[in-house]
Amino acid sequence: MVFSSPVFLFLFLPLTLLAVLLARSTGARNTVLLIASLLFYAWGEGVYLLLMLATILVNHLAGLALARWPGHRGPLVAAVVLDLGALAWFKYAGFLADSFGPIFAALGMPLPPVEAVHLPIGVSFFIFQGISYVVDVYRGQAEAQRNPGAVALYISLFPQLIAGPIVRYRDVARQIADRVMAIPLFASGVRRFVIGLAKKVLIADQVARI
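Each residue of the sequence shown is one higher than the one before, counting from 110 in this note's numbering.
Shown next as structure tokens:
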């Protein structure tokens with residue numbers, strides 16, 4: 110699902126906004142946004158939603174461990190290694206197999222065949238969001254979030270999920286916990302979305318065809 114598709118513009122986005130506006134508390138709005146974000150990703154990537162959920166779980170548990178043992182690098186290192194390991198597999202497994210396979214074969218140690226590895230949409234963004242969370246907690250720049258739903262929302266929020274930007278957790282932690290719903294802010298957001306959509310459809314998409 111892309112932001113300029115009819116399904117997003119005339120079905121997904123209006124229903125999500127309506128549900129958010131009807132929600133009576135920040136917690137309820139966060140739940141709506143989390144469900145919408147997971148559905149948004151599952152729509153395009155299906156089974157790879159499990160990868161995102163695993164990323165959320167790993168970094169949430171690492172954050173809790175860092176809160177329990179402040180200053181210990183073990184949870185941070187473990188989370189970063191798992192995050193970057195997953196990213197490296199999806200981005201470079203095929204390339205490395207093609208590059209080094211002939212060398213190992215010539216040495217009499219053929220590598221097992223590596224099937225073409227699909228690169229999930231947005232994998233770099235949500236993995237680096239997860240890393241940002243544990244790094245901010247480790248440095249003491251943000252408190253560990255005990256609510257897994259809040260961590261999940263930060264990592265999976267659909268407006269920045271597939272194209273970024275990567276947002277530091279410390280910059281949005283307060284907004285996730287408590288934010289103001291006001292008509293001027295909503296109108297400003299709609300205006301920015303319309304301008305961005307127009308630039309994409311009328312300029313970026315047309316230039317890409319040249």
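Using N, Cα and C, we set each Cβ at its ideal position, and we do this for glycine too.
Extent of the continuous alpha helix (DSSP H) run through residue i
i, result
"Ala-151", "135-154"
"Lys-309", "Neither: Lys-309 is in no alpha helix (DSSP H) and is coded neither H nor E."
"Leu-126", "122-131"
"Arg-318", "First-last for Arg-318: undefined, no H or E at that position."
"Gly-249", "No alpha helix (DSSP H) contains Gly-249, which DSSP labels as neither H nor E."
"Arg-177", "158-177"
"Ala-261", "257-265"
Reduced DSSP secondary structure (H/G/I, E/B, other) of residue i
i, result
"His-227", "coil"
"Pro-326", "With the chain covering 110 to 319 only, the question about residue 326 has no answer from this structure."
"Val-299", "helix"
"Trp-198", "helix"
"Phe-112", "coil"
"Arg-288", "coil"
"Gly-183", "helix"
Minimum C-alpha distance to residue i - residue among the options
i, options, result
"Asn-256", "Ala-202, Ser-241, Gly-249 and Leu-173", "Leu-173"
"Glu-252", "His-169, Leu-124 and Ala-151", "His-169"
"Phe-267", "Gln-238, Ala-291, Gln-254 and Gln-250", "Gln-238"
"Leu-118", "Phe-295, Tyr-201, Val-299 and Ala-137", "Val-299"
"Ile-292", "Val-116, Leu-120, Leu-130 and Leu-122", "Leu-130"
"Val-232", "Val-244, Gly-194, Arg-248 and Leu-311", "Gly-194"
"Gly-136", "Ala-259, Leu-294, Leu-311 and Ala-307", "Ala-259"
"Leu-158", "Ile-264, Asp-287 and Phe-121", "Ile-264"
"Glu-154", "Ala-261, Arg-288 and His-227", "His-227"
"Gly-183", "Phe-121, Gly-305 and Val-244", "Val-244"
Short Cβ contact (8 Å threshold) for residue i with residue j
i, j, result
"Ile-285", "Asn-139", "yes"
"Ser-146", "Leu-270", "yes"
"Leu-160", "Pro-229", "yes"
"Leu-175", "Val-281", "no"
"Val-167", "Ala-188", "yes"
"Phe-302", "Gly-273", "no"
"Ser-114", "Lys-309", "no"
"Ala-163", "Leu-185", "no"
"Tyr-151", "Val-141", "At residue 151 the sequence reads Ala, which differs from the Tyr that was named. Not a contact, by the Cβ cut-off of 8 Å."
"Gln-250", "Arg-283", "no"
Exposure of residue i, with buried meaning 16 or more beta-carbon neighbours within 10 Å
i, result
"Gly-180", "exposed"
"Asp-192", "buried"
"Gln-315", "exposed"
"Val-190", "exposed"
"Tyr-242", "buried"
"Phe-149", "buried"
"Leu-262", "buried"
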